[in-house]
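Reviewing the structure listed below.
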Amino acid sequence: MNNNSISALIVGYGSIGKRHTGNLRTLGVDDIYLCDPYIDSLASESDLKNFSGVFLDIDSALSFVNFDIALVCSPPYLHVEQTKKLLSSNVNVFVEKPLSNTLENIDDLVALSKNKVVQIGYNWRFYKGLKFIQEILNKGSIGRILWVRSEFGKYLPEWRPQQDYRNNYTAIKSEGGGIIFDASHELDYLKWLFGDIHSVFCVSDRLGDLDIDVEDTASIILNFSSGCIGEVHLDFIQRTQTKSCKIVGSEGTLFWDYNGEESSISIFDSKTNETEKFDMSCDPNDKYIDELESFLDCVKNKRSPIVDLDNAIDTLKIIMAAYESSDKGVPVYI
19 MNNNSISALI
29 VGYGSIGKRH
39 TGNLRTLGVD
49 DIYLCDPYID
59 SLASESDLKN
69 FSGVFLDIDS
79 ALSFVNFDIA
89 LVCSPPYLHV
99 EQTKKLLSSN
109 VNVFVEKPLS
119 NTLENIDDLV
129 ALSKNKVVQI
139 GYNWRFYKGL
149 KFIQEILNKG
159 SIGRILWVRS
169 EFGKYLPEWR
179 PQQDYRNNYT
189 AIKSEGGGII
199 FDASHELDYL
209 KWLFGDIHSV
219 FCVSDRLGDL
229 DIDVEDTASI
239 ILNFSSGCIG
249 EVHLDFIQRT
259 QTKSCKIVGS
269 EGTLFWDYNG
279 EESSISIFDS
289 KTNETEKFDM
299 SCDPNDKYID
309 ELESFLDCVK
319 NKRSPIVDLD
329 NAIDTLKIIM
339 AAYESSDKGV
349 PVYI
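For the sequence shown, position 229 (counting from the first letter as 1) is numbered 247 according to this note's numbering, and the numbering increases by one without interruption.
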């Protein structure tokens with residue numbers, strides 16, 4: 019199977035659906051169909067002509083074409099049911115993060131996923147800076163990891179400027195919105211780098227003045243099974259974009275700073291009392307390309323993806339534990 023022989027279905031044509039469509043074409047996948055009930059308001063007539071076919075619902079699409087792959091790019095509350103339909107029709111599925119906004123029906127999804135490729139869109143695992151950090155940690159360069167602090171912040175109205183933020187799922191609780199769901203990349207990559215998490219404590223609230231019904235800020239404490247403590251700050255009300263991670267070890271400190279195309283990692287070595295800086299700048303789209311390239315390779319070679327369903331379920335359990343902790347005001351054990 020070559021990329022140019024793959025038949026693909028894009029489910030949902032918001033900003034991420036548009037990005038994935040362009041990236042599939044970059045990778046040589048040209049037989050692309052589109053499914054979105056609101057397509058008239060999301061795509062121009064000239065844009066639609068570039069698709070092999072356009073459908074308003076998944077059932078219609080599945081009755082017309084035997085797809086090799088589908089990319090679920092809809093709001094989180096739709097992910098599980100849409101993915102179940104696709105898997106039932108023997109389609110390999112790439113699902114955008116988070117997997118869902120609830121743990122309900124997850125067991126059904128797992129049962130249907132047997133002998134299919136299901137990859138979740140936690141694309142920061144494909145970013146070269148985080149892969150470099152993983153190498154440093156595996157080498158033990160900064161000693162035993164004591165604590166880590168991760169931060170993500172961006173102003174929601176500027177996050178997806180082509181759309182009124184009030185109409186985006188991120189601002190709507192019933193659709194799987196909220197900063198914890200939408201910025202769950204941080205929770206995923208910390209689990210990936212530092213291992214299992216056994217308890218979560220969270221304080222979250224709506225602190226800003228945006229017209230939303232979800233939390234806009236969250237502070238989360240993670241207790242890792244290794245003994246490491248993690249602190250995570252997430253918000254979409256600060257007016258400056260920030261994404262960073264500080265890792266403190268017994269023999270040194272690593273700091274990652276990311277701002278779009280510009281990115282760097284600084285490592286302080288306590289033995290030499292010196293700091294070395296590494297440039298990690300790259301095109302922000304690279305990690306999206308790499309995750310789709312990996313997904314296509316998994317489909318063609320029938321292998322398990324880097325971010326598989328089990329990984330996504332583990333991250334979803336951490337997300338739900340954070341919400342439960344914030345509601346109850348107590349730590350939640352996973």
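Each residue gets a CB set at the ideal place from its N, CA and C atoms; glycine is no exception.
Nothing here was measured: the structure is a model prediction, and the numbers come from that model.
For the beta strand (DSSP E) containing residue i, list its first residue and its last residue.
{"i": "residue 166", "result": "163–171"}
{"i": "residue 283", "result": "280–287"}
{"i": "residue 120", "result": "No beta strand (DSSP E) holds residue 120; DSSP gives it neither H nor E."}
{"i": "residue 50", "result": "49–53"}
{"i": "residue 87", "result": "87–90"}
{"i": "residue 71", "result": "71–73"}
Taking Cβ positions, are residue i and residue j nearer each other than 9 Å?
{"i": "residue 122", "j": "residue 83", "result": "no"}
{"i": "residue 107", "j": "residue 100", "result": "no"}
{"i": "residue 51", "j": "residue 28", "result": "yes"}
{"i": "residue 254", "j": "residue 200", "result": "yes"}
{"i": "residue 131", "j": "residue 105", "result": "yes"}
{"i": "residue 110", "j": "residue 134", "result": "yes"}
{"i": "residue 138", "j": "residue 198", "result": "no"}
{"i": "residue 266", "j": "residue 166", "result": "yes"}
{"i": "residue 297", "j": "residue 312", "result": "no"}
{"i": "residue 45", "j": "residue 57", "result": "no"}
{"i": "residue 261", "j": "residue 169", "result": "yes"}
{"i": "residue 31", "j": "residue 74", "result": "no"}
{"i": "residue 327", "j": "residue 136", "result": "yes"}
{"i": "residue 269", "j": "residue 160", "result": "yes"}
{"i": "residue 116", "j": "residue 194", "result": "yes"}
{"i": "residue 221", "j": "residue 241", "result": "no"}
{"i": "residue 314", "j": "residue 34", "result": "no"}
{"i": "residue 151", "j": "residue 263", "result": "yes"}
{"i": "residue 205", "j": "residue 340", "result": "yes"}
{"i": "residue 76", "j": "residue 103", "result": "yes"}
{"i": "residue 54", "j": "residue 26", "result": "no"}
{"i": "residue 68", "j": "residue 47", "result": "no"}
{"i": "residue 114", "j": "residue 148", "result": "no"}
{"i": "residue 163", "j": "residue 244", "result": "yes"}
{"i": "residue 112", "j": "residue 38", "result": "yes"}
Could you check where the alpha helix (DSSP H) with residue i kicks off and where it finishes?
{"i": "residue 333", "result": "327–346"}
{"i": "residue 79", "result": "76–82"}
{"i": "residue 39", "result": "33–44"}
{"i": "residue 324", "result": "Note, residue 324: premise wrong, no alpha helix (DSSP H); not H, not E."}
{"i": "residue 301", "result": "Per DSSP, residue 301 belongs to no alpha helix (DSSP H) and is neither H nor E."}
{"i": "residue 64", "result": "63–66"}
{"i": "residue 57", "result": "57–60"}
Quick one: grab the DSSP three-state call for residue i.
{"i": "residue 144", "result": "helix"}
{"i": "residue 259", "result": "coil"}
{"i": "residue 133", "result": "coil"}
{"i": "residue 114", "result": "coil"}
{"i": "residue 106", "result": "helix"}
{"i": "residue 22", "result": "helix"}
{"i": "residue 254", "result": "coil"}
{"i": "residue 294", "result": "strand"}
{"i": "residue 275", "result": "strand"}
{"i": "residue 311", "result": "helix"}
{"i": "residue 95", "result": "helix"}
{"i": "residue 138", "result": "strand"}
{"i": "residue 265", "result": "strand"}
{"i": "residue 124", "result": "helix"}
{"i": "residue 28", "result": "strand"}
### Query
In chain order, which continuous runs of the alpha helix (DSSP H) of length 4 or greater are located wholly inside the region 176–246?
Taking only runs of at least 4 residues, the alpha helix (DSSP H) segments lying wholly in the region 176–246 are 197–200 and 203–212.
### Query
How about the region 176–187 and the region 209–221: do they share at least three Cβ pairs that are nearer than 8 Å?
The region 176–187 is not in contact with the region 209–221.
### Message
I want to know whether the region 139–151 touches the region 287–307 - three or more CB-CB distances under 8 Å.
### Response
The region 139–151, when compared against the region 287–307, does touch it at the 8 Å Cβ threshold.
### Query
Can we say the region 217–234 touches the region 184–203, given the rule of at least three CB pairs closer than 8 Å?
Between the region 217–234 and the region 184–203, the count of Cβ pairs shorter than 8 Å is three or higher; the stretches touch.
### Message
Count Cβ pairs between the region 241–257 and the region 269–286 that sit closer than 8 Å; are there 3 or more?
### Response
Fewer than three Cβ pairs drawn from the region 241–257 and the region 269–286 lie within less than 8 Å of each other, which leaves the two stretches out of contact.
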